[in-house]
Amino acid sequence: MSKSKAAGSSGQDEPQRMVAFNWNAKIKSKIVEQEEDICWAIALAHSLEGTFNSGDQEVELSFDDIVYQLYGDKDTHKKARDSSDRKLATRINKAYKNVQVKGIAQRRYCPYTVENRSSRKEVKRLANQRHKYDCLFIAKFESKEKVNEKTLLSDLQHQPIVGVLDSTPNFLKFMGKGIYTVEVPRAEKEQNLHCVVIVDWGEEHGKKFWVVRNSYGENWGDKGIGKLQMGPTHCSSIFLEYYYATKESCSLAKPDRE
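Next up, the structure:
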């Protein structure tokens with residue numbers, strides 16, 4: 001028997017769920033193929049998209065713009081892979097701070113795409129148009145480097161969340177609608193850290209799980225969405241850290257011309 005948590009929780013430890021906005025339904029509608037080592041940018045764009053879209057306006061944000069604003073216009077995604085800030089937490093924090101200053105371009109106005117990123121001249125020309133269009137800015141963001149699942153459940157009531165976990169070979173190959181049991185995180189030097197967007201939670205057959213949107217495309221989980229079993233206790237999480245910005249901190253504005 002499967003139980004949905006969308007209308008609230010019957011457990012004492014779990015918070016009441018919001019029913020005004022279904023993160024899962026919104027996020028399920030668009031799946032973007034994973035690109036090597038930029039899961040942090042994809043997750044950040046999708047999480048802020050879901051957060052902002054819980055209001056009266058809707059945007060589709062560009063993860064290409066996030067990467068470009070951090071690493072420039074020449075072989076942008078290669079730079080992101082080969083840069084000195086190899087630690088994932090460093091990249092995520094840099095990216096959030098950059099959104100505070102420069103914002104994220106909307107995809108329909110974004111000058112940097114898969115199609116044109118190989119042309120440095122074209123990208124520079126289009127970059128000069130960025131200031132004409134509204135970008136999404138955040139006033140602040142929250143980071144939790146010691147994860148308590150009870151706190152994570154509470155934070156998830158209000159917005160999607162960027163979660164970081166250890167991506168093992170089995171995790172990469174996960175397919176189907178079942179609940180995936182995440183392996184215990186490996187020793188730090190062996191970890192392959194990966195970002196997903198935590199969009200919901202639920203319970204089936206007595207097993208509680210997180211619903212996440214991955215960035216591997218439709219050939220992972222159930223068309224890009226997966227159920228990951230929660231840790232055995234509130235203090236034992238499958239996530240090593242997580243990040244989010246609130247709806248109140250998000251706004252649209254035109255960026256400064258560079």
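Residues 1 to 258 in the UniProt record's numbering are what the sequence shown lists, from first letter to last. No residue lacks a Cβ here, since even glycine has one placed at the ideal position from N, Cα and C. Note that the structure is a prediction, hence the values are computed from the model and not measured.
Query, Result
"Bounding residues of the alpha helix (DSSP H) (the contiguous stretch that carries F209)", "No alpha helix (DSSP H) holds F209; the beta strand (DSSP E) holding it covers 207-213."
"Alpha-carbon spacing of P255 relative to G103, whole angstroms", "7 Å"
"Top-ranked residue by Cα proximity to residue 265, from I179, Y71, L70, W210", "Shown here, the chain extends from 1 to 258; a query on residue 265 therefore has no answer."
"Span of the alpha helix (DSSP H), counted from its first residue to its last, around S47", "39-52"
"Chain-order list of residues whose beta-carbon lies under 8 Å from that of V162 (same chain, five-residue window excluded)", "W40, A43, L44, S47, I92, C195, V196, V197, I198, Y242, Y243, Y244"
"Helix, strand or coil at D56 according to DSSP, with G and I counted as helix", "coil"
"Collapsed DSSP secondary structure at D256 in the structure displayed", "coil"
"Assigned secondary structure, F21 (DSSP; H/G/I helix, E/B strand, else coil)", "In this predicted model, F21 has a pLDDT of only 32, less than 50, meaning its place in the structure is not dependable; the value taken from the coordinates is given anyway. F21 falls in the coil class under three-state DSSP."
"Per-residue burial, Q57 [other beta carbons within 10 Å of its own, 16 or more giving buried]", "exposed"
"Beta-carbon contacts of S83 that lie in its chain and below 7 Å, excluding the five residues immediately before and after", "Residue confidence for S83 is low, a pLDDT of 46 falling below 50, so the modelled location carries little weight; the figure read from the coordinates is stated next. Excluding residues within five positions, the ones whose Cβ falls inside 7 Å are Y71."
"Selected residue, minimal CA-CA separation from G221, among G231, I179, K247, G202", "I179"
"Under the three-state DSSP convention, the category H194 falls into", "strand"
"Best match in T51, L228, V67 for proximity to E60 [C-alpha to C-alpha]", "T51"
"Pairwise C-alpha distance: L136 and C250", "7 Å"
"Classification of E33 by the beta-carbon crowding that lies within 10 angstroms, buried from 16 upward", "Low per-residue confidence applies at E33: pLDDT is 36, beneath 50, and the placement is therefore not dependable, though the value from the model is reported in the following sentence. The residue is exposed, with fewer than 16 neighbouring Cβ atoms inside 10 Å."
"Close Cβ partners of Y62 (< 6 Å) along its chain, the five nearest in sequence each way excluded", "Before going on, a small fix: residue 62 reads as Ser here, not Tyr. Contacts found: A105, R107, C110."
"Exposed unless 16 or more other CB atoms sit within 10 angstroms - verdict on S29", "With a pLDDT of 35 at S29, under the threshold of 50, the modelled position of this residue cannot be trusted; read the value that follows with caution. That one is exposed."
"Distance between S236 and E149 (C-alpha atoms, nearest Å)", "7 Å"
"K94: first and last residue of the uninterrupted alpha helix (DSSP H) it sits in", "88-102"
"Beta bridge counterpart(s) of E163 as assigned by DSSP", "Sequence check: residue 163 is Gly here, not Glu. DSSP lists V196, Y242 as partners of G163."
"Nearest-angstrom beta carbon gap, L165 and F239 [assumed within contact, 8 Å]", "5 Å"
"Environment of A253 [buried if 16+ CB atoms lie within 10 Å]", "exposed"
"For G227: DSSP bridge partner residues", "Before going on, a small fix: residue 227 reads as Lys here, not Gly. Beta-bridge pairing links K227 to I179, V211."
"Local Cβ density within 10 Å of W23, reported as buried at 16 or more and exposed below that", "Here W23 scores only 35 on pLDDT, less than 50, and its place in the model should not be relied on; the value that follows carries that caveat. Label assigned to W23: buried."
"Cβ-Cβ distance between Y96 and F141 below 8 Å", "yes"
"Minimum C-alpha distance to V182 - residue among S167, G176, L193, K189", "S167"
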